[in-house]
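Mapped onto the working numbering, the consecutive letters of the sequence shown carry residue numbers 3 to 572.
See below for the structure under consideration.
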Amino acid sequence: MFGCKCFRWSKLSDLSSREPDTFRLPAPIPQWPQECSGTGFASGTIKLGELEVRKISKLEFVWGCNLSQDRKQGVSIYKPREVPDRFFSLGHYCQSNNKPLRGFVLVAREAAKPEAGDYCSGNPCLPALQNPLDYTLVWSSNDGTEENFDGSGYFWLPQPPEGYKAMGFITTTNPVKPELGEVKCVRADLTDESETYCLILKTSSVLSEVLAIWSIRPRHRGMHGKGISVGTFFCSSYWSPGQELNIACLKNCDTSIQAMPNLDQIHAIIRHYGPTLFFHPGEAYLPSSVQWFLENGAMLYMRGDSVAKPIETDGSSLPGGGTNDGQCWIDLPSDARRDIVMFGNLQSAKLYVHVKPALGGSFTDLAMWIFCPFNGPATLKVGVVNVPLNKVGQHVGDWEHFTLRVSNFTGELWSIYFSQHSGGEWVDVYDLEFIAGNKAIVYSSKSGHASFPHPGNYLQGSSKLGIGIRNDAARSNLYVDSSTQYEIVAAEYLGHEAVSEPCWLQYMREWGPTIIYDSRKELEKIVNHLPMMVRNSVQSIFDKLPMELFKEEGPTGPKEKNNWVGDERW
């Protein structure tokens, strides 16, 4: 995001003559397995019911603005080019210039013969697409003093007919309103609510009105969300967070979500894109398979029962279903095997894969879960001093994950989500490290097993002050290759018979005991030994750390997590 006080409004000759940096995956995308009937995955077109949409990644520069002479400190607006016959644009695309051009916009046409079940709740007698009635000028870089419009940008909002919604804004380089057929509006029942996501640009130029530009995403996401991102942007001079947007996203009214991959295609996707998960060279608490953990003495404890019970190696003796009611938990074996099991077994480790629709079935999410029998204690960093903590952060059982997001239009890897303790981040594919072909690298942090896209020390606290909990990530000879060491444990959209979910996956309680201890005293001792000038800052950072750092509490399994059905936290 750029908050710019002084802009150089770029002329077309400044930017359009320069080919923008683009990104391509290191290796070609393979030909995915196809059934005779075809599933629609990676076919280039997705049917949404009354509409068919295509993703256009070939974009034509329209207008841009730079901060001073640095081209990367600005944004550019693009429109789709080479739009197929009978498809129509829905709006323009905007991105910052400090990254490769790798965006898209969807173009749409009315489906030839929609099935009866493909209609949404609106009036199917009305066309799905209509021209706007007019355009409203939202913002211009021309403050009225320029007689020559070369270099000026004009942002227009389509005014839809009654019962229709605009999908995005368009930009021109002169004050003449665009042709009404430049974009289409979509019948309201074929749309879903959108919301702002990332702030791309905010100007504060004294020469013109303030302009803010955001990327947008569907408000309703997750496995059952029907909203589909069009790839357009939202802009305004006066909008405040919380207000309803005047543009929408598309809705997938096709209940069959036919663009999702079949089982053979899922295996091919994993074999082609499966990342290598590297553990820190000093990692003591390695992963294992769930089966190895159970067959090596893990025990089930029931509240009120002092005698622990052994667990069948497939998890069939674990109580299934329901929610985490705190009535039972798993613990390490109580005999001599305890000191063996807690350190894991790398040879048996695998990634457990949950495959689900994302963004209305326009993408496939492959959530890859890794299990570690034990999560080690944290290390505190205060400036140049590192303080190992005896108990803070440790607990039995640790479930971590990362998620691949693959385009159902092309089968292209689009981004990876890196789960990091109580949050995480989506990282675009151009900012990933690759180890072989199109297989990315995921780094697991020492002791805590959070996922990161690059090696380094990531502070959970204040990077500016150099104070917080260390998350050290580095490459080593300790790794799991998810392209070969994996098991698909769930893909609900394929039907219950397609993937047999393991018994242990239905266990919704904790994978470790809860032990509350006064770790605050341990931290207070550290604070009291610090110079007075930094004590308050350190104490303030400690107060903001998540509560799970201050007690031993085994996590619930993957299926009890919010992101099993919902979207990742981003």
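By construction, the Cβ of each residue, glycine as well, lies at the ideal position given by its N, Cα and C atoms.
Small disclaimer: the values here were computed from a predicted structure and weren't measured.
Item, Value
"For S318, does the three-state DSSP call read helix, strand or coil?", "coil"
"Just curious, the beta strand (DSSP E) that F89 is in, first and last residue?", "Element bounds for F89: n/a, residue is neither H nor E."
"Three-state secondary structure (DSSP) at C505?", "helix"
"Comparing C-alpha positions only, which one of G439, W506, H94, F90 sits nearest to K81?", "H94"
"Tell me which residue opens and which closes the alpha helix (DSSP H) that Q267 is part of.", "265-275"
"Looking at T138: is its Cβ nearer than 7 Å to the Cβ of Y156?", "no"
"A360 bridges to which residues according to DSSP?", "F365"
"Pick out the complete beta strand (DSSP E) segments inside the stretch 144-223, 3 residues or longer, and give them in chain order.", "156-161, 172-174, 187-189, 196-205, 214-220"
"Could you check how far apart the C-beta atoms of W572 and H356 are, in whole angstroms? I think they sit under 8 Å.", "W572 to H356, Cβ: 17 Å. No contact."
"Give the DSSP bridge partners of W141, in chain order.", "F157"
"So Q293 is in the alpha helix (DSSP H); what residue range does that whole segment cover?", "292-297"
"Return yes when the Cβ of Y303 is within less than 7 Å of the Cβ of D341, no when it is not.", "no"
"Would you call V386 buried or exposed, if buried means 16 or more other Cβ atoms sit within 10 Å of its Cβ?", "exposed"
"Measuring straight from C-alpha to C-alpha, what distance separates N564 and A369?", "13 Å"
"Taking the alpha carbon of A360 as the reference point, which residue from S409, P321, Q462, G322 has its own alpha carbon closest?", "S409"
"Determine the burial state of S447: buried for a count of at least 16 other Cβ atoms within 10 Å of its Cβ, exposed for fewer.", "buried"
"Three-state secondary structure (DSSP) at R83?", "coil"
"Would you report the Cα separation of W241 and V212, rounded to the nearest angstrom?", "11 Å"
"Note down the Cα distance separating E84 from F373, rounded to an integer number of angstroms.", "47 Å"
"Nearest CA to the CA of V431: which residue from L406, D191, V394, A113?", "L406"
"With DSSP run on the structure shown, which of helix, strand or coil describes S350?", "helix"
"Rounded to a whole number of angstroms, what is the C-alpha to C-alpha distance between W34 and S364?", "17 Å"
"Taking the C-alpha atoms as reference points, what is the distance between L182 and L50?", "24 Å"
"Using DSSP bridges, identify the partner residues of A261.", "Paired residues: none, contrary to the question."
"Ignoring anything shorter than 3 residues or poking outside the stretch 465-501, list the beta strand (DSSP E) runs there in chain order.", "469-475, 481-483, 488-492"
"Please state whether DSSP places W241 in a helix, a strand or coil.", "coil"
"Taking the CB atoms as reference points, tell me whether A190 and G165 lie closer together than 7 Å.", "yes"
"Exposed or buried, which one is W428 when buried takes at least 16 other CB atoms within 10 Å?", "exposed"
"Residues in its own chain within less than 6 Å of F25 by CB, not counting five upstream and five downstream?", "P102, R104, Y432"
"Reducing DSSP to helix, strand and coil, say where P312 ends up.", "strand"
"Taking only the alpha-carbon atoms, compute the straight-line gap between P557 and W513 and give it to the nearest angstrom.", "6 Å"
"Enumerate in chain order the residues of its own chain whose CB-to-CB distance from P457 is below 7 Å, with the five nearest sequence positions on each side excluded.", "Y445, A475, A476, R477"
"Let's see if you can read the secondary structure: which residues bound the beta strand (DSSP E) around V343?", "No beta strand (DSSP E) holds V343; the alpha helix (DSSP H) holding it covers 340-343."
"Using the three-state DSSP reduction, which class does D337 fall into: helix, strand or coil?", "coil"
"Quick check: what's the CA-CA separation for A442 versus Q487?", "15 Å"
"With H, G and I counted as helix, E and B as strand and the rest as coil, what does DSSP make of D23?", "coil"
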